[in-house]
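Heads up, the thing below is written out as structure tokens.
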Amino acid sequence: MIDELKDIKNEALDEIKKASDEKELNELRTKYLGKKGKVSLMTKQMGTLSVDEKKEFGKALNEIKGEITEVLEEAMKKAKEKALNERLESEKIDVTLPGVSALSGGMHPLMKVVEEVEDLFISMGFDVASGPEMEEDLYNFEKLNLPKNHPARDDQDSFYITAERLLRTQTSAMQARVMEGNKEKTEIRVICPGKTYRRDDDDATHSHQFTQIEGLMVGENISLAHLKGVLEVFVRRLFGEDREIRLRPNYFPFTEPSLEIDVSCFSCGGKGCNICKGTGWIEILGGGMVHPNVLRGCGYDPDKFTGFAFGIGPERVAMLKYGITDIRSFYTNDLRFLKEFNRVESGVYNESK
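Numbering (my numbering), first residue to last: 1223 to 1575.
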């Protein structure tokens, strides 16, 4: 039986020597050393041997098994080194080839406008607040002086989740939240940028999702003159120092009086062109004095406090500022469009060539 073991050993060593890769060596490991391998099966014959023969046979079996294992491991090591060298040779990198430039990101033009507006109002002492996009009817409508039968509450215009919750239609909801949350009822200066949602057919100038920046100032003796002064600073910083604004009467449920605010056309200087439709003015936002009912509903005494509020559409500002003709361009994630905008220190549009 020991002679048979030696024959198996010689056979195994010969096959290991001829093996050319890791796959063949693994197959040989299984063939000779696996549970059903030739060496392992020899242990079944020990039952017919005497005690002394078992000792001698067991010793020889272990020695042969160890020798095969040692030779197999050495062959496996060489096979791995050979495979690695062949792979390195075939995958050789030419370090003299020019590198591939990595794509670099940039600020989205819409976010550039939002950030610029935030920086401007922060410099005037305003805070920046944010709130939930899924809003309660209480803050989105009721506390903003919109009666139950107001058309803006119609589910044809709003995305309702339940009877009392909806995707906010305006960041004005934060106006109510900020005033209500100010327990000390002190002066407030805040802007609230964020996404808003309304049922609308998407086209070049409309989108069911858009961005809005609500502005609010509440305090004693706040007047329309303060609103006009703040908006003049805003317009001149964004569109040029020679810009003028025009206030026109309008109606909003949460402000009284309410105004539409126009800016003198930065393209023609007020003479009339296709951008301003020949009027010399471009409508950019709406605002007015906070309605006494809104102040009262949020815990402020309208006999002591007054305030103004305004709503800016960053998409419209960006379209005017950068000459963008289709609002859908902001949301299509087209890199050909986005890469045209580079951040520069002055904040002026720079079209890369």
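C-beta atoms are modelled at their ideal positions from N, C-alpha and C, and glycine is treated no differently.
Hey, could you find the ends of the alpha helix (DSSP H) residue 1544 is sitting in? Here residue 1544 corresponds to residue number 322 of the sequence shown, with the count starting at 1. For residue 1544, the enclosing alpha helix (DSSP H) starts and ends at 1536–1544.
Does the distance from the CB of residue 1522 to the CB of residue 1405 come in under 8 angstroms? Here residue 1522 corresponds to residue number 300 of the sequence shown, with the count starting at 1. Here residue 1405 corresponds to residue number 183 of the sequence shown, with the count starting at 1. With respect to residue 1405, residue 1522 sits apart: the two C-beta atoms are not nearer than 8 angstroms.
Report the rounded CA-to-CA distance for residue 1497 versus residue 1471, giving the unit in angstroms. Counting from one through the sequence shown, the residue named residue 1497 turns up at place 275. Counting from one through the sequence shown, the residue named residue 1471 turns up at place 249. Whole-angstrom Cα-Cα distance: 23 angstroms.
In whole angstroms, what separates the C-alpha of residue 1347 from that of residue 1451? Residue numbering aside, residue 1347 sits at position 125 when the sequence shown is read from its first letter. Residue numbering aside, residue 1451 sits at position 229 when the sequence shown is read from its first letter. So the two alpha carbons sit approximately 14 angstroms from each other.
Sort out for me which residues DSSP pairs residue 1417 with in a bridge. Locating residue 1417 in the sequence shown gives position 195, counting from the first residue. DSSP lists 1433 as partners of residue 1417.
Pop quiz: residue 1435 and residue 1534 are said to be a contact at Cβ under 8 angstroms. What is the actual Cβ separation, rounded to whole angstroms? By 1-based counting over the sequence shown, the position of residue 1435 is 213. By 1-based counting over the sequence shown, the position of residue 1534 is 312. In this structure residue 1435 touches residue 1534 by the C-beta definition: roughly 4 angstroms separates them, less than 8 angstroms.
As a quick exercise: from 1277, 1245, 1273, pick the residue whose alpha carbon is nearest that of residue 1302. Position 80 of the sequence shown holds residue 1302. Relative to residue 1302, the option among 1277, 1245, 1273 whose CA is nearest is 1245.
With 16 other CB atoms within 10 Å as the buried threshold, where does residue 1445 fall? Here residue 1445 is taken as the residue at index 223 of the sequence shown, counted from 1. Result: exposed.
Let me know the secondary structure DSSP gives residue 1531 once reduced to three states. Residue mapping note: residue 1531 aligns to position 309 of the sequence shown, counting from 1. Of the three classes helix, strand and coil, the one that applies to residue 1531 here is strand, per DSSP.
Residue 1310 to residue 1304 span [Cα, whole Å]: For this step, residue 1310 is matched to residue 88 along the sequence shown. For this step, residue 1304 is matched to residue 82 along the sequence shown. Answer to the nearest angstrom: the Cα atoms are 10 angstroms apart.
Could you spell out the range, first to last residue, of the alpha helix (DSSP H) harbouring residue 1559? Reading the sequence shown from its first residue, position 337 is the one you call residue 1559. Segment 1557–1560, the alpha helix (DSSP H) holding residue 1559.
Cα separation between residue 1525 and residue 1441? For the purposes of this step, residue 1525 is taken as residue 303 along the sequence shown, with counting starting at 1. For the purposes of this step, residue 1441 is taken as residue 219 along the sequence shown, with counting starting at 1. Computed Cα separation, rounded: 11 angstroms.
Residue 1390, DSSP secondary structure in three states: Your numbering for residue 1390 matches position 168 in the sequence shown. Three-state DSSP puts residue 1390 in coil, outside helix and strand.
Start-end ranges of the beta strand (DSSP E) lying completely within the region 1500–1532, minimum 3 residues: If we require 3 residues or more, the beta strand (DSSP E) runs fully inside the region 1500–1532 come out as 1503–1512.
Please classify residue 1254 as buried or exposed, where buried requires at least 16 neighbouring CB atoms within 10 angstroms. Here residue 1254 refers to the residue found at position 32 when the sequence shown is read from its first residue. Residue 1254 comes out buried.
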